[in-house]
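Written out below as structure tokens is the structure these notes cover.
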Amino acid sequence: MYSNLIITVIYLALMFGAGIFFSRNIKNTADYFLAGRSAPWFWIMGAVWATNIGFLHGYLAHGGAAYEWGLIQSNFEWFQGPFGYILTGIFFIAFYWRAGIYTVPQFLERRYGSGIRVVYSIAWIIIFLVTIAAELYLGGMFLKNILHIPFWPTVFVLTGVVGTYMLLGGLGAAIMMEFVQFVIMMLGTMPLLFILLKMVGGFKGITNVLINQWGVSPQYFTVLPDIHHPYGPGPWIILGQCLVVTIGWCAGHQSMVQRNLGARSLYDSKLGYVVASIPKTLGAFLYIVPMIAAPIVFSRLGIFVEKSDAAYGKLIINLLPAGMLGLFIAGLLSAGLSSIGSVLNSASTMLVKDLYERFLVKGKSDHHYFIAGRIATFGVIIASLLLVPVVLKVYLIMWLEQTLLAMVLGPFMAVLVLAIFWKRANTPGSFAGFLMGGIFAILLQQVFHVNIFFQISWWSFVVTLALTVVISLLTDPPKKEKVEGITWDSNFEAMVGEVIEDRALASAVRVTEIRQRTIKVPPWYLNLKYWATAILLVQIGLLLFFG
Amino acid sequence: MKKTPCLAALLIVLFFPRFSSAQEKFIDVRQNMADNLTGVKTEVKAGDWTAARASFDKAKTIWAQDVKPLITEGVKTDTQFQEYFNRIGEVEANMDAVAAGLDAQKADDIEAKVNAAIWGISHHPRGFDVPKPRYTAWDWVFGLGIGIGFCLFATWFGLYLRRSYYGRYPKARFVKK
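Those sequence lines, one after another, are chains A and B. Note that the first sequence covers residues 13 to 559 in the numbering used here. Note that the second sequence covers residues 950 to 1126 in the numbering used here.
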């Protein structure tokens, strides 16, 4: 136990020190919020994945949901995740770059006006508070189980460490630490899969025990179950999750987008996002597949599991030897801290950029907003801690978070798609559509008790889309400056120019003449199309095998 | 003066968690029971039957005084307790079997029964009880409609994007240098 505790304390101290170290480079808001736009594609890849995967999305809550409902949970890794990463990477991210923004709400304001920016920002800040509370709760519970230290002091220590390195270091610290954490996570958590599979006799052993001996439903082992499934009906996964929430999450989640906006070029940003879908796919083998085998191990060894969200922690405490467990704790802490840190950074960015600077205190110095960012970070920490007891009551944290996301991302995807592809979409249409779509989603869950978040996201998307179109047609078209440069049929010359300026590829490009223009073409191993095609083929293979 | 609001906020947060302690009680008492039952296994392996008996008695007391009442009361207001309520008989049968094993000092059966008792008070996946897959004619129509519709839409939209892009910017003709 002490060796694990020592490794954990050393790791937390290193994180703490890193924040102080990176804080030396922070001079203005661009450094603090966008890491000075200097990150290469492989940092973006690591940071995007580490942001995505934490206690909540990944090991503890995601793994917990896999324990609860089975292999269906892997559709986030094998189906929707990479689909959303690739589509956002090769498509949506370019529009954000062209708009020259810090936050997603800024993009919405540029296209539609300030009303939707406020509503969207507030909705996301609420989600971020719940997310941080959930991460803190999961982390505290995990460390309580593993190191036998009380829950609340653990939560405060976690908060203190992550708060310090985010408060001091901003996005630069977050991205650099996330890349390190990405490596630690991969190396630290992979051995569990092999240990487990050896224990239960491989995949065949798992299905043999659960289906043949215990009589468990075969739907526990499918990625796309039938339409009657109480948690994730297959067709609704495609409609609500794959087409709406996943893309909306990748294109609309401030933490994910912010990492890409911190890239040194548009091409780095795109490539980082697309390639991040590889560790995303591998993630299922780190925290989904092990959890399918977990019930067998728990019953055989007599391991107590209080709730699904605790299952992953219980598994590793009881299976890994002491030294490896220490590395594992470091890996898992990496995941959790990076996610908390990134969400914290994004929440404070939105508070300052989208609400404080835009509407409350305008025209102050850069230093003023920089300090406001730090105060906002502190405020978010306090508010999140207050929400932890609320999160404790929920039966499955993944369900809570996904339901909240569905309520926001359904309407968001509708207005985003129309923003880019339909020039006629205007301010009143989008604002009313977004607001009514969100209210409709809340009514679906609260009044009509629709608890399948895939359905909530799909129907709120449809309602928002329809309302936005109808109201836009009934009102005046948007002014030219609202659509110029950020819709699909705008001039894309500048985007080609981004590739020309790409320093990331400077050492490995061949100069090619395209008619009158000269651009630098990436070598084959950095070609987006090849990566995207290869990843999609792997996804199809996995779906055919497990679907 | 500036530090006062921050300090006040921290103090509120520090004292707020005390209100949530009831939420953790059901977890803590079951964990305590499981720890004592695990102790039984360890002590039986070490041949210390007296200590094993003492651990078992503690576990049984926790079950009778804390865990079972929480389940029987909780199930009246919260469906999350239903699974534990359904397994009360199973847990008690396993506990009785452990008691019998300890009385007879038969180590062989005890571990399996202790494990079963711990598994009985653990949370079981809800996915285990999902009905087997069933597909009506409507399900096929709906599922295939979405699948085929998605593929057709993706193809049409992809072609639209390609056509509209290259309509404005003629496709690159690469010239080797």
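C-beta atoms are modelled at their ideal positions from N, C-alpha and C, and glycine is treated no differently. Fair warning: this is a prediction, and the values are worked out from it, not measured in the lab.
- At least one beta carbon of chain B lies nearer than 8 Å to the beta carbon of residue 81 of chain A.
- For residue 466 of chain A, same chain residues with a beta-carbon under 8 Å away, outside a window of 5 residues either side, are 244, 245, 248, 249, 251, 252, 253, 257, 418 in chain order.
- Fewer than three Cβ pairs drawn from the region 415 to 431 of chain A and the region 91 to 99 of chain A lie within less than 8 Å of each other, which leaves the two stretches out of contact.
- Considering only beta carbons, the part of the region 1059 to 1079 of chain B lying closer than 9 Å to chain A consists of 1060, 1061, 1063, 1064, 1065, 1066, 1067, 1068, 1070, 1071, 1072, 1073, 1074, 1075, 1076, 1077, 1078, 1079, in chain order.
- Put simply, the CB of residue 155 of chain A is far from chain B, with every gap to its CB atoms at 8 Å or more.
- By the CB criterion at 8 Å, residue 348 of chain A and residue 66 of chain A fall inside the cutoff.
- Assigned with DSSP and collapsed to three states, residue 125 of chain A falls in coil, not helix or strand.
- The criterion of a C-beta distance shorter than 8 Å is not satisfied by residue 325 of chain A and residue 206 of chain A.
- Taking the Cβ atoms as the reference, residue 305 of chain A lies roughly 19 Å from residue 408 of chain A, outside the contact range of under 8 Å.
- Cβ neighbours of residue 135 of chain A within its own chain (closer than 6 Å, five residues either side excluded): 420.
- Residues of the region 227 to 254 of chain A whose Cβ lies closer than 8 Å to any Cβ of chain B, in chain order: 228, 229, 230, 231, 232, 234, 237, 238, 239, 240, 241, 242, 243, 246, 247, 250, 251.
- Between residue 294 of chain A and the set A:259, A:131, A:61, the nearest pair of CA atoms involves A:61.
- The Cβ of residue 1095 of chain B sits closer than 8 Å to at least one Cβ of chain A.
- For residue 1038 of chain B, the closest Cβ of chain A is not nearer than 8 Å.
- Residue pairing for residue 275 of chain A: DSSP places it in a beta bridge opposite A:51.
- Among the CB atoms of chain A, none fall inside 8 Å of the CB of residue 1030 of chain B.
- A check of alpha carbon separations from residue 52 of chain A across A:497, A:396, A:271, A:109 identifies A:271 as the nearest.
- By the Cβ criterion, the region 232 to 241 of chain A is in contact with the region 1077 to 1093 of chain B, since at least three pairs of Cβ atoms, one from each stretch, lie closer than 8 Å.
- A distance below 8 Å between beta-carbons, with the five flanking residues on each side excluded, links residue 1004 of chain B to the following residues of its chain, in chain order: 985, 986, 988, 989, 992.
- Flagged as an interface residue toward chain B: residue 319 of chain A, by a C-beta distance shorter than 8 Å.
- Nearest in C-alpha terms to residue 167 of chain A, of all of A:354, A:292, A:398, is A:398.
- For the region 365 to 384 of chain A, there are no residues whose beta carbon sits under 8 Å from a beta carbon of chain B.
- Listed in chain order, the alpha helix (DSSP H) elements of length 4 or more contained wholly in the region 48 to 108 of chain A are 53 to 64, 73 to 81, 93 to 99.
- Residue 1046 of chain B has a beta carbon lying at 8 Å or more from every beta carbon in chain A.
- It is roughly 9 Å from the alpha-carbon of residue 501 of chain A to the alpha-carbon of residue 434 of chain A.
- Residue contact check for residue 1081 of chain B against chain A: a CB pair falls below 8 Å.
- Selection A:106, A:17, A:130, A:316 evaluated against residue 432 of chain A yields A:106 as nearest (Cα-Cα).
- The beta carbons of residue 73 of chain A and residue 145 of chain A sit no closer together than 8 Å.
- Using a Cβ distance threshold of 8 Å, residue 83 of chain A and residue 235 of chain A count as a contacting pair.
- Taking residue 75 of chain A as the centre and dropping the five residues before and after it, the same chain places the C-beta of 299, 303, 324 closer than 6 Å to its C-beta, in chain order.
- Within the model, the alpha-carbon separation for residue 231 of chain A versus residue 445 of chain A is close to 37 Å.
- Among the residues of chain B, those whose CB is under 7 Å from the CB of residue 307 of chain A are 1074, following chain order.
- Under the three-state reduction of DSSP, residue 501 of chain A is assigned to coil, being neither helix nor strand.
- Put simply, the backbone Cα of residue 1106 of chain B is about 37 Å away from that of residue 141 of chain A.
- Linking residue 1093 of chain B to residue 556 of chain A through their CA atoms gives a straight-line distance of about 16 Å.
- Proximity of chain A to residue 1091 of chain B at the Cβ level (cut-off 7 Å) is accounted for by 239, 247, in chain order.
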